[in-house]
Amino acid sequence: MSKDYETPERTRERLRQEELENNPFGHMNHGNSRARYSIVDLGWKGTLVLTIVIIVGLIVVQYFY
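According to the working numbering, the sequence shown is numbered sequentially starting from 6.
Here it is, written out as structure tokens:
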């Protein structure tokens, strides 16, 4: 492979970085889209742990109040 060859992943990342620099609302839009899909990134195990923690937290709050 030559050093001048740019992989598709690097091309996508370079274009994304250029778009974020040129677009003043790019960071805000990127944050909104990441927040919207963040539960998907956890996978089923992470989602299960998060659900259990929320349920246990609600039980503890109801117990003390």
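By construction, the Cβ of each residue, glycine as well, lies at the ideal position given by its N, Cα and C atoms. Predicted, not measured: the structure shown is a model, and the values here were computed from it.
Please state whether DSSP places residue i in a helix, a strand or coil.
| i | result |
| --- | --- |
| V12 | The amino acid occupying residue 12 in the given sequence is Thr; Val does not appear at that position. Three-state DSSP puts T12 in coil, outside helix and strand. |
| Y70 | coil |
| N27 | helix |
So residue i packs on residue j, CB below 8 Å; how close in whole Å?
| i | j | result |
| --- | --- | --- |
| L55 | L47 | 7 Å |
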